[in-house]
Amino acid sequence: MELKKMDLRGFEKYIVGTIKEYASEKVDAGTWRAEEAMELAEEEYRQLLPDGLETEGNYFYIFKVDQNNIGYLWLAKSKVNPEDSFIYDFAVESEFQNKGFGTQAMGLIFIEARKLGFKKIGLHVFGSNERAIHVYHKLGFIPTDITMSRDL
1 MELKKMDLRG FEKYIVGTIK EYASEKVDAG TWRAEEAMEL AEEEYRQLLP DGLETEGNYF
61 YIFKVDQNNI GYLWLAKSKV NPEDSFIYDF AVESEFQNKG FGTQAMGLIF IEARKLGFKK
121 IGLHVFGSNE RAIHVYHKLG FIPTDITMSR DL
């Protein structure tokens, strides 16, 4: 597996899909209403990435195996502590899941984050994503803040 920086063409394709996916996840989590989700997601991404791919402190990567793009990752410098990084988005394409590629990809990102000078890496995972939570625990991530809800 190799880690490659995302180019502008790849970023433009990535950002369209990831905004739609993010809006859908927020609706599924009960955080946003379906009719407002796309607008809210687009606004959030505009604020996070005012200069798109060139936004300072943000790093976009693709993972390749045998010339196939199998996944992507968005890493950013923490707004609170410049020695900390945060994974805003990480995915392995469905046909490549359950083959150990996610774990391999995270190993490459740990190396890259150290090269960038980071000492810590964090991420967010939706509570319903039990498979990802399991993988992140195996990789040494620990919960640092948990938000919970229930229907009334």
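Numbering (full-length UniProt numbering), first residue to last: 1 to 152.
We treat Cβ as the ideally placed atom computed from N, Cα and C, and that holds for glycine.
Everything numeric in this text was worked out from a predicted model, so none of it was measured.
So the candidates are the options; which of them puts its Cα closest to the Cα of residue i?
i, options, result
"L126", "K13, F60 and G30", "Here the sequence assigns Phe to residue 126, which means Leu is not the residue at that position. Considering only alpha carbons, the answer is G30."
"L116", "T18, L49, V80 and A76", "A76"
"G140", "E130, L152 and G122", "G122"
"residue 158", "L53, V80 and E43", "Residue 158 lies beyond the stretch modelled for the chain, which goes from 1 to 152, so this question has no answer here."
"N69", "V135, K13 and T144", "K13"
"N129", "I111, W32, D28 and R150", "D28"
"N81", "F118, R114 and Q47", "F118"
"K99", "Q67, V135, A113 and W74", "V135"
Determine whether the Cβ of residue i lies closer than 9 Å to any Cβ atom of chain B.
i, result
"G102", "The question asks about chain B, but that chain is absent: this structure has only one protein chain."
Looking only at its own chain, which residues have a Cβ that is under 8 Å from the Cβ of residue i, when we skip the five neighbours before and after it?
i, result
"G71", "I62, F63, F90, A91, V92, E93, F96, F101, G102 and A105"
Count the other C-beta atoms from every protein chain shown that fall within 10 angstroms of the C-beta of residue i, then say buried if there are 16 or more, exposed otherwise.
i, result
"S85", "buried"
"I87", "buried"
"I146", "exposed"
"M148", "exposed"
"I109", "buried"
"A34", "exposed"
I'd like to know whether the C-beta atoms of residue i and residue j end up nearer to each other than 9 Å.
i, j, result
"S45", "I15", "For clarity, residue 45 is Tyr in the given sequence; the question names Ser instead. In this structure, I15 lies closer than 9 Å to Y45 by Cβ."
"L40", "K26", "yes"
Residues in the same chain with beta-carbon distance under 6 Å from residue i, minus the five sequence neighbours each way, listed in chain order, please.
i, result
"V65", "M1"
"K120", "D84"
For residue i, which residues in the same chain have their Cβ closer than 7 Å to its Cβ, ignoring the five residues on either side in sequence?
i, result
"S78", "D84, S85 and F86"
"I133", "V125"
"E42", "I19"
"residue 163", "This structure cannot settle anything about residue 163, because the visible part of the chain is limited to 1 through 152."
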